[in-house]
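In full-length UniProt numbering, the protein residues as written are 1 to 313. In this text, a Cβ means the ideal position worked out from N, Cα and C, and glycines have one as well. This one's a predicted model, so the numbers in the text were calculated from it and none came from an experiment. To start, the structure itself, in structure tokens.
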Amino acid sequence: MIEPREQDQAQATLRTPRDCLRWGESVLRRGGVFLGHGTDDHGDECLALLLHVLALPLDTDPRMLDARLLPDEVSAFVALMKRRVNERVPVPYLTGEAWFCGLPFQVDERVLIPRSPIAELIEARFQPFLDPDRIDRVLDLCTGSGCIAIACAHALEQAQVDASDISEDALAVCRANVQRHGLEERVFPLRADGLDGLTGPYDLIVSNPPYVDAEDLAAMPDEYRHEPELALASGVDGLDFTRRLLIEAPERLSEDGVLIVEVGNSDRHMMAAWPEVPFLWFEFERGGHGVFMLDRRQLIEHRDCFKRDHVTG
């Protein structure tokens, strides 16, 4: 915790960005904050907050480290650090911005903070698993901030992308991001409960849906409790949403269409539930796991086992 005495001392004595970064990293380490929303380094968290306060870019001249700060700038930085440590608010919610696939996105507590390993697939234009030139219609299911949909539109320049979510609050953020990136003619935010009302056919359905199981939900660090639970929790084993998706997806896919879904730690539950299904599990260079792919033919071939599990599960 940053106590009032330490806050007063910081505001009275910090003079330069170098001072702020040293103090900030110390209090983050002492405070035991959890790093899981875009950085894995305490110094990077401090730098993101300080650059936000100073309205400076990431490539700011290092000579700025010893520039004198205004008292109001120091106070603003200390106030953000206090919220980060005492309230466990993730940095992107404090700055209002997160990056995904090299693109900036508006974020707040109406949406998850972008961090999906699906970013690597998008940056590679889904190669070598798919032919990007044959992807004309994409559905980003459970779009949240719209980061996956917008990144897909950038990577697949010929594609039309539907961005659906059950949350109208999330869709408001998505619309703002679509406008920010000038993609109103190619990315279409839609309100939908799962696949209900979405007709397709889509060449690619990609989804980062709710998938956190009850055990992981109960053990989550406090930082994650600022995110909407609707976008995280999905039953005892984390697969309530995914079960439904596996059954319904073939009707919304084109003949050669593909489904790509992130299930995170719930991948173990999937492999236990359907050992006979040939899920393709992606490996990622930058970390992350639990993302699978099935094509329409495979989904149809194994639909009966998905339905049996949906009834008994």
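Problem set entry | Separation of C142 from G194, as counted between CA atoms | Counting from one through the sequence shown, the residue named residue 194 turns up at place 194. Counting from one through the sequence shown, the residue named residue 142 turns up at place 142. Distance between the alpha carbons of G194 and C142: 8 angstroms.
Exercise. In terms of residue numbering, what span does the beta strand (DSSP E) encompassing P189 cover?
Worked result: Counting from one through the sequence shown, the residue named residue 189 turns up at place 189. Run containing P189: 187-191, per the beta strand (DSSP E) assignment.
Exercise. Hey, quick one: how far does the alpha helix (DSSP H) through Y93 stretch, first residue to last?
Worked result: For this step, residue 93 is matched to residue 93 along the sequence shown. Element bounds for Y93: 91-95.
Problem set entry | Per-residue burial, M1 [other beta carbons within 10 Å of its own, 16 or more giving buried] | Position 1 of the sequence shown, counted from the first residue, corresponds to residue 1. Label assigned to M1: exposed.
Problem set entry | Runs of alpha helix (DSSP H) lying entirely within the stretch 47-115, each at least 4 residues, in chain order | 71-86, 91-95
Exercise. What three-state label does DSSP hand L280 in the structure shown?
Worked result: Counting from one through the sequence shown, the residue named residue 280 turns up at place 280. Of the three classes helix, strand and coil, the one that applies to L280 here is strand, per DSSP.
For this session: Note down, in chain order, each residue of its chain lying with its Cβ closer than 8 angstroms to the Cβ of R110, except the 5 sequence neighbours on either side.
Result: As a first step, residue 110 must be located in the sequence shown, where it is residue number 110. For R110, where only same-chain residues beyond five positions count, the Cβ hits under 8 angstroms are S167, D169, A170, A172, V173, P228.
For this session: Kindly give me the distance between the Cβ atoms of R296 and P221, rounded to whole angstroms, as I take these residues to be in contact under 8 angstroms.
Result: Here residue 296 refers to the residue found at position 296 of the sequence shown. Here residue 221 refers to the residue found at position 221 of the sequence shown. At roughly 38 angstroms, the Cβ-Cβ gap does not stay under 8 angstroms, so R296 and P221 are not in contact.
Exercise. By DSSP, does Y211 sit in helix, in strand, or in coil?
Worked result: By 1-based counting over the sequence shown, the position of residue 211 is 211. Of the three classes helix, strand and coil, the one that applies to Y211 here is coil, per DSSP.
Exercise. Would a C-beta distance cut-off of 8 angstroms place I135 and L112 closer than the cut-off?
Worked result: Counted from its first residue, the sequence shown places residue 135 at position 135. Counted from its first residue, the sequence shown places residue 112 at position 112. Not a contact, by the Cβ cut-off of 8 angstroms.
Exercise. Buried or exposed: which applies to D140, given that a residue is buried once 16 or more other Cβ atoms fall within 10 Å of its Cβ?
Worked result: The count along the sequence shown starts at 1 and reaches residue 140 at position 140. So D140 counts as buried.
For this session: Please go through the same chain and pick out, in chain order, the residues whose beta-carbon is closer than 7 angstroms to the beta-carbon of V258, but skip the five residues on each side of it.
Result: Reading the sequence shown from its first residue, position 258 is the one you call residue 258. Taken in chain order, the residues that qualify are L130, L204, M293, D295.
Exercise. Do you know how far the Cα of V78 is from the Cα of A214?
Worked result: Working through the sequence shown from its first residue, we reach residue 214 at position 214. Working through the sequence shown from its first residue, we reach residue 78 at position 78. If I take the Cα positions, the gap works out to 36 angstroms.
Exercise. According to the Cβ coordinates, are F284 and P117 closer than 8 angstroms?
Worked result: The residue given as residue 284 occupies position 284 in the sequence shown. The residue given as residue 117 occupies position 117 in the sequence shown. Yes.
For this session: Would you give the residue range spanned by the beta strand (DSSP E) that L121 belongs to?
Result: Working through the sequence shown from its first residue, we reach residue 121 at position 121. Run containing L121: none in the beta strand (DSSP E); it sits in the alpha helix (DSSP H), 118-123.
Exercise. Rounded to a whole number of angstroms, what is the C-alpha to C-alpha distance between F279 and L49?
Worked result: Counted from its first residue, the sequence shown places residue 279 at position 279. Counted from its first residue, the sequence shown places residue 49 at position 49. Going from the Cα of F279 to the Cα of L49 covers about 40 angstroms.
Exercise. Which whole runs of the alpha helix (DSSP H) in the stretch 209-291 are 4 residues long or more, in chain order?
Worked result: 214-219, 240-248, 267-273
Problem set entry | Alpha-carbon spacing of D40 relative to D304, whole angstroms | As a first step, residue 40 must be located in the sequence shown, where it is residue number 40. As a first step, residue 304 must be located in the sequence shown, where it is residue number 304. Looking at the two C-alpha atoms, the distance is approximately 42 angstroms.
For this session: Would you kindly work out how many angstroms separate the C-alpha atoms of K82 and A218, rounded to a whole number?
Result: Within the sequence shown, the letter at position 82 stands for residue 82. Within the sequence shown, the letter at position 218 stands for residue 218. Using only the alpha carbons, I get a separation of about 25 angstroms.
Exercise. Given 8 angstroms as the limit, is there contact between the stretch 55-68 and the stretch 10-18, that is, 3 or more CB pairs closer than that?
Worked result: yes
For this session: Within the same chain, show all residues whose beta-carbon is closer than 7 angstroms to that of L54, passing over the 5 residues directly before and after it, in chain order.
Result: Locating residue 54 in the sequence shown gives position 54, where the first residue counts as 1. Correct list, in chain order: E73.
For this session: Grab me the residues of W274's own chain with a C-beta within less than 8 angstroms of its C-beta, minus the 5 sequence neighbours each way, in chain order.
Result: Counting from one through the sequence shown, the residue named residue 274 turns up at place 274. Taken in chain order, the residues that qualify are H302, C305, F306, D309.
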